[in-house]
Amino acid sequence: MKLNIEGLLVYFPYDYIYPEQYSYMLELKRTLDAKGHGVLEMPSGTGKTISLLSLIVAYQREYPLEVTKLIYCSRTVPEIEKVVEELRKLMEFYSKETGEKNNILALALSSRKNLCVHPEVSSLRFGKEVDGKCHSLTASYIRAQRHSNPSLPSCRFYEEFDAMGKQVPLPAGVYNLDDLKEFGRRKGWCPYYLARYSILHANIIVYSYHYLLDPKIADLVSKELSKKSVVVFDEAHNIDNVCIDSMSVNITRRTLDRSQANVETLQNTILKIKETDAAKLKEEYRRLVEGLKEANVARETDIYMSNPVLPDEILQEAVPGSIRTAEHFVGFMKRFLEYLKARLRIHHVVQESAPQFLKDIFEKVCIDRKPLRFCAERLRSLLRTLEIADIADFSAITLISNFATLVSTYSKGFTIIIEPFEDRTPTIANPVLHFSCMDPSIAIKPVFERFQSVIITSGTLSPLDIYPRILDFRPVTVASFTMTLARTCLCPLVVGRGNDQVAMTSKFETREDFAVIRNYGNLLLEMSAIVPDGIVAFFTSYTYMENIVASWYEQGILENVQRNKLIFIETPDAAETSMALEKYQEACENGRGAILLSVARGKVSEGIDFVHHFGRAVIMFGVPYVYTQSRILKARLEYLRDQFQIRENDFLTFDAMRHAAQCVGRAIRGKTDYGLMIFADKRYARADKRGKLPRWIQEHLTDGSLNLTIDETVQLSKHFLRQMAQPFRQEDQLGLSLLTLEQLQSEDMLQKIAQIAHQA
Amino acid sequence: MAALSEEVLLVVKRVRQRKQDGTLYLMAERIAWGPEGKDRFTVSHLYADIRCQKISPDGKAKIQLQLVLHTGESTNLHFSNESTALKDRDAAKDLLQQLLPKFKKRANKELEEKNRMLQEDPVLFQLYKDLVVCQVISAEEFWANRLSINNVDHSLSNNKQEVGISAAFLADIRPQTDGCNGLRYNLTSDIIESIFRTYPAVKQKYGENVPHNMTEKEFWTRFFQSHYFHRDRINTGLQDIFSECAKQDEKGLKSMVFQGVKNPMVDLLSLEDKSLDEGYGSNSTAPSTSNTNKTVKENSNSAIIKRFNHHSTMVLAAGSGKKADAPNGQACETSSTDGNSRDSDFFQPPIKKVKIQDVIEYEDLHRENGKKTVALNLKKSDRYSHGPVPLLPQQYTTSQDIVNSVNCIKQEIASYKPCLTQVMSSSTASCAIAALSPGGVLMQALAQQAINQMVPNDVQGELKHLYTAAGELLRHFWSCFPVNTLFLEEKLTGHLEDMFQMAYNKFHAWQTRRMMRKT
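Chains as they are written, first to last, in numbering that gives the first Met the number 0: chain A, 0 to 759; chain B, 0 to 518.
Here you go:
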């Protein structure tokens, strides 16, 4: 259908539309008009992606000069592929309706592992291996060497692409990962480099967060993207953690040992080169004297996105003299390594700020702040000069140099924690230096500054005001949308007690309590008897799940559960879990029914959907608080309190509730879907917890469904399931939660729609 | 009454039935009991008729054996020989235990199948009545053709539906304490079957060790003692014969894991697009996987989890009809292609595409486009649109002719120019119109009754039966060609001809009967 969104003609590739989709598009349009950032929460399964795409594509067509590019960031590879397929659908609809061919180029970009077509390289199992192998075939100096020695191996796809691929841009169309590979195979071009090259002129790019948020990758891939882009972060409820992860560094003894080896290799290579090709080193020296002018000019002329690792100031300076020659730099790194080694030789935990660390390093080994800041850049230059083939081997020393640059650049927002051993095993020495970022806004700042509109959206962003605070930006729209439902297809219940009235909670003091574990077991057992097909249960942590499973086994609860359903359990091993998942789905599919025991914050809870019969009930055992004894977390909480005035408890609860919401939200993926959401912990009944759940769940959490016993839960669930099992047809939804174009245009419907968006 | 050829497998004396002493005979095909001093059996059951046997509990004073028949009746046999009663009973029980399953499978299976077919298919039933009951052909011949056809298309799906395995079969063997520091496990043949199907490794061990190395009882005792059965125990001594099973399971699990998953949407390995490099990230203090710093408890916990996953997988595999040890076999098969698996992802995209399409589809946002119907495929549309038309002594026009003439008329009408000088008189015109209107003289052919309305229903039905019967005979006839066996030749020259004759007679009889009734 064709929609009129405040004067903008939007093609929407379906015959009907959900009211909240319309409302979502309205808010999105306003955000784009204002050229500002937005935070939008809409439940999953209400067609968020297609609404986003429809509106932004329409906007791009209407105002091609205002918005030149859409950068759609998602979290996982399947998500990325899903987005591209939805886009393809939209584009097909466009060409069907308008009758003209599309001139929009849309493509997905992923790592080499997912795009490589080189027969040998692509058969490697791990992403890192693929990257390393690819690099060893395609690095510029290797190719230069090949001129003199043609027998060196090469990648014909890359060569072909380099020779031909850049002349003609990729023809317009929608390219998913497989399409790119197919195209690459046909043309004999490398799909990965083709995609990386093509994103510069593509209208729509779909890729993962890291390409924008991880400075190491963003610098390579995304820095030349146009300023007039709209950036969308989908499934953004964890965006702060992604930011933090990309800026944090951990150094162990092993890292140091490997860096030591790296440094030695560097030294030897330098010696060798000095004998054979001293001019090369001189040339490098000259370049360093001239400074990082190129980069500086580029950034000033606004071609590049800034890199948080490489702050503006250092671009204006030349690399300091003390590390300009290769030998000096290697010596410098050696000294730095020795210092770090000495720091790791401790017996008690040390926590300090970056300035303290710098002061200490100056006092102990006379290393200045300034050369440290240039470490990363200097090492990169050296590696390039020395023509090191396998960069992957030098990951350790690269890590150290990145750390050096970061620690000397940021005096705020980071903390250094040195732990001599893991908390659980105080007898085994395993010193780790955590250099941990506490301020997610550092990594995302360049994105907000560079691009005109950044949309942060997800099914669970409640409470909405916290994201702008921790990411430090000022959005023009903040809105939460509810799900209009013709029937209440979600049923959140808070189970607080067992039938014996013993409180159920995963609180630390009582979580090992026999009665609590037994009650949890009874809950699972009872539910396994009444819920059809699949049940997914989430625990607060892996160790907790292990303990509970063991005691359930001892008590014979699991055997009884097995009478009703098969049991599958998430393990720390991803491959094993994948298999368990597949078998779980198979068991749901063939009617046996199954239970999946899983972990909140685990891979399953973040990336796998349990549509329809794959998840008729989700049980959340306990409140998934993060492990609060961790020093890094404590430091971060302190930072949040001091900088953003967010109380520790508020943040912890917020974090726990967003994960709980993620877990239970896995079961509902649409309006025809239905599922029970069982929160098995009495603490969920409290207003401070409940209030932090997304609005679309909160709405259905009535006072009558708080603090139930297991028996009451079973009764309510039975009633709910029986109701939901009745046939549900399109007519039942039409006019309420599903609208035709005419219905959409009616006056009172528009009024109703206005209420869907809940401004924060 | 006892046939001479019958082989007597076991004779038990002093068995009482209805308070009468007598002798129990177990023969090759039946079990029989005769009262003392008489040479005929008052009780005789074919094994095939027996549903199950029950025995009295051990402690009871009366030592009895009950036979329950399919009909629901039962016969109680009381072993009354004081000294050897228990032994006698057990001997009888054991023998029955061996014999019954054999007959159970064969019992009436064919007959049931035939019965089922006749009940399900009324046409076949009628055919059966027409041909077999009227003795046109023999029942065997009738079925000879049918069943074989039937077996072909049913053998896959319908032959015998595999019964799945309860996931909790191990729970059903809950040990009971017998009061004096011992544990008793109750094993039934069903459970043993379940164990074997789920754990082929155990079956293998059983085959290797029983009965050469140990008795069956010993085998199961060891099984229940082993860590293999107790999922929370970790490997014990090497002499445990089941430690090998555990290893084998582990291997099977590993190979399955290595194969990866087919559904890309659940593949957690390829979920992450770009993992952080080693050393970056805030929580890279992932628990080190080395076992050294794990406590025994943690180890046993993760063993439980692994074994639960394995157990469920195996139960699922056993239930879905695949051979339970398939993963091992498959592993070799696929791993050979795995080397160039990247090339084999030519096969992968379709699955992936379909899955993704499934996921992004919002079915309720689409307009429903009616029910899906099956297109009617007509070989001869002529016959469909006309139906059997009574043969009239006029020229038969094909639909092509009609179409042509319609076109002709159309053209003429298109180029029709009224010639106003030569119009008819109004009365003639109205006459012509009347004749051309439905019911008019010229339109009579249309108003004629269709043949199916002319012939009464019962006649139609009978005719249909005759027709199908004749068709069946023809089928038999044609199935004899090519005549390459003696049997076929005989059939063709011998009784088929008779059959046709008979069928013809039957038809003739019917015809004359009809004629008689009509006149």
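Glycine included, every Cβ here is placed at the ideal spot set by N, Cα and C.
Along the beta strand (DSSP E) that carries residue i, what are the first and last residues, could you check?
| i | result |
| --- | --- |
| B:GLU271 | Per DSSP, B:GLU271 belongs to no beta strand (DSSP E) and is neither H nor E. |
| A:PRO474 | 474–480 |
| B:ARG50 | 49–54 |
| B:MET264 | Careful: B:MET264 lies outside any beta strand (DSSP E) and carries neither H nor E. |
| A:CYS490 | 489–494 |
Take residue i as the anchor and find which of the options has the nearest alpha-carbon.
| i | options | result |
| --- | --- | --- |
| A:VAL248 | A:THR397, A:ILE607 and A:HIS346 | A:THR397 |
| A:PHE393 | A:LEU378, A:PRO491 and A:GLU65 | A:LEU378 |
| A:GLU448 | A:GLU96, A:LYS691 and A:LEU211 | A:LEU211 |
| A:LEU763 | A:PRO571, A:LYS582, A:ILE70 and A:ASP572 | The displayed coordinates of chain A run from 0 to 759. Any statement about residue 763 of chain A would go beyond what the structure contains. |
| A:ASN102 | A:ARG87, A:SER109, A:LEU114 and A:TYR673 | A:ARG87 |
| B:ILE54 | B:PRO34, B:GLY36 and B:HIS77 | B:HIS77 |
| A:THR408 | A:LYS95, A:ASP572, A:ARG368 and A:LYS1 | A:ARG368 |
| A:VAL477 | A:LEU460, A:CYS488 and A:SER577 | A:LEU460 |
| B:PHE307 | A:ILE594, A:GLY674, A:ASP178 and A:PHE727 | A:ILE594 |
Confirm, please, whether the CB-CB distance from residue j to residue i is below 8 Å.
| i | j | result |
| --- | --- | --- |
| A:CYS761 | A:LEU176 | Residue 761 of chain A falls outside the range modelled here, since chain A spans only 0 to 759, and no answer is possible. |
| B:ALA167 | A:GLU730 | no |
| A:PHE620 | A:TYR519 | yes |
| A:SER736 | A:LEU484 | yes |
| A:GLY770 | A:ARG615 | Summary: the structure shown does not reach residue 770 of chain A, with chain A confined to residues 0 through 759, and so no result is reported for it. |
| A:ILE455 | A:VAL129 | no |
| A:VAL66 | A:VAL229 | yes |
| A:GLY495 | A:LEU715 | no |
| A:ALA660 | A:ILE631 | no |
| A:ASP239 | A:ILE607 | no |
| A:VAL241 | A:TYR208 | yes |
Where do the ends of the alpha helix (DSSP H) carrying residue i lie?
| i | result |
| --- | --- |
| A:VAL663 | 647–664 |
| A:PRO467 | 465–470 |
| B:ARG13 | Where B:ARG13 is concerned, there is no enclosing alpha helix (DSSP H), although the beta strand (DSSP E) it sits in stretches over 7–16. |
| B:THR492 | 485–492 |
| B:MET213 | Counting along the chain, B:MET213 falls outside any alpha helix (DSSP H), and DSSP gives it neither H nor E. |
| A:GLY520 | 513–529 |
| A:ASP641 | 630–643 |
| A:TYR71 | Segment 68–73 is the beta strand (DSSP E) holding A:TYR71; no alpha helix (DSSP H) there. |
| A:HIS146 | 139–147 |
Which chain A residues are close to residue i, counting only those with a beta carbon under 8 Å from its beta carbon?
| i | result |
| --- | --- |
| B:ASN300 | GLU545, ASN546, VAL548 and ALA549 |
| B:ASP363 | TYR15, GLY669, LYS670, THR671, GLN729, GLN732 and LEU737 |
Which chain D residues sit within Cβ distance under 7 Å of residue i?
| i | result |
| --- | --- |
| B:ASP266 | Among the protein chains in the structure shown, which are A and B, there is no chain D. |
So with CB distances below 7 Å, who are the chain B contacts of residue i?
| i | result |
| --- | --- |
| A:PRO531 | Those within 7 Å of A:PRO531 in chain B number zero; the least Cβ separation is about 16 Å. |
| A:GLN561 | ALA166, ALA167 and ALA170 |
| A:PRO767 | Missing from the structure shown is residue 767 of chain A; chain A here goes from 0 to 759 and no further. |
| A:ILE566 | PHE307 and SER311 |
| A:THR539 | In chain order: nothing, as chain B lies at least about 15 Å away. |
How would you list, in chain order, the residues of chain A whose beta-carbon sits under 9 Å from the beta-carbon of residue i?
| i | result |
| --- | --- |
| B:GLN175 | Correct list: empty, because the minimum Cβ distance to chain A is about 13 Å. |
| B:PRO263 | VAL76, PRO77 and GLU80 |
| B:GLN247 | Result: empty, since nearest Cβ-Cβ is about 17 Å, beyond 9 Å. |
If you measure from the CB of residue i, is any heavy atom of the ligand COA nearer than 7 Å?
| i | result |
| --- | --- |
| B:LEU491 | As for the ligand COA, it is missing from this structure, which has no ligand bound. |
Since residue i meets chain B, which of its residues come closer than 8 Å, beta carbon to beta carbon?
| i | result |
| --- | --- |
| A:GLY46 | TYR361 and LEU364 |
| A:ILE250 | GLY278 |
Against residue i, what residues of chain B qualify as contacts under a CB-to-CB distance less than 9 Å, listed in chain order?
| i | result |
| --- | --- |
| A:HIS36 | The contacting residues do not exist; A:HIS36 stays about 24 Å from chain B at best. |
| A:LEU398 | ASP276, GLU277, GLY278 and TYR279 |
Under 7 Å between beta-carbons, which chain A residues line up against residue i? List them in chain order, please.
| i | result |
| --- | --- |
| B:VAL353 | None at all; the shortest Cβ gap to chain A is about 11 Å. |
Q.
Short of 8 Å Cβ to Cβ, which residues in the stretch 577–607 of chain A face chain B?
A. SER577, MET578, ALA579, LEU580, GLU581, LYS582, GLN584, GLU585, ALA586, ASN589, ARG591, ALA593, LYS602, VAL603, GLY606 and ILE607
Q: Determine which residues of the stretch 202–226 of chain B have a Cβ less than 7 Å from any Cβ of chain A, and write them out in chain order.
A: none
**Q.** Contact list for the stretch 209–227 of chain A against chain B, Cβ threshold 9 Å
**A.** HIS209, TYR210, ASP213, LYS215 and ILE216
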